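Heads up, the thing below is written out as structure tokens.
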Amino acid sequence: MGFDGLAQEPVAFEIMENDVSLGVVVCQLFWGNVHIKSLLTNKEHRGRGIARALMEHVFNFGKENGCHFAFVETMSFQAPEFYQKLGFEIELKRDGYAACTSFTI
185 MGFDGLAQEP VAFEIMENDV SLGVVVCQLF WGNVHIKSLL TNKEHRGRGI ARALMEHVFN
245 FGKENGCHFA FVETMSFQAP EFYQKLGFEI ELKRDGYAAC TSFTI
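The working numbering runs 184 ahead of the 1-based position in the sequence shown.
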């Protein structure tokens, strides 16, 4: 199948405050869906809703581009509970490989 489903280059959304990056999310359209590739928040500013705000940008971007769903792969140490709070459901859990989990919403 190849990578023909990749409609464009990855897109990044960043939240800045006083020239300081508070967080960034990178996503990419993939076969009519939006793939969350990376989500990073500045440790000093966690707990302020930054990651949630970044994900809202991704969801809006996906809707604007006709995406049917969003998906993300994450490891057990990368806050999978955060994605579940946003409505993501576990689609696949692979034990033995740092507890890799794949979510869809």
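For glycine and all other residues, C-beta sits at the position ideal for the given N, C-alpha and C.
This one's a predicted model, so the numbers in the text were calculated from it and none came from an experiment.
Thinking C-beta only, is residue j closer than 8 Å to residue i?
i    : j    : result
I220 : V195 : no
C251 : N226 : no
Could you give the C-beta distance for residue i and residue j, rounded to a whole number, given that I count them as a contact under 8 Å?
i    : j    : result
G246 : A235 : Not confirmed; about 16 Å, so no contact.
L224 : N249 : Not a contact, Cβ separation roughly 22 Å.
At the 8 Å Cβ level, is residue i part of the contact set with chain C, yes or no?
i    : result
F243 : Absent from the structure is chain C; it holds one protein chain and no more.
Practice prompt. Would you check if the stretch 224 to 239 and the stretch 207 to 216 touch, i.e. whether three or more CB-CB distances between them fall below 8 Å?
Written response: yes
Item to complete: Identify every run of the alpha helix (DSSP H) within the stretch 199 to 282, keeping only runs that are complete inside it and at least 4 residues long; order them along the chain.
Response: 234 to 248, 264 to 269
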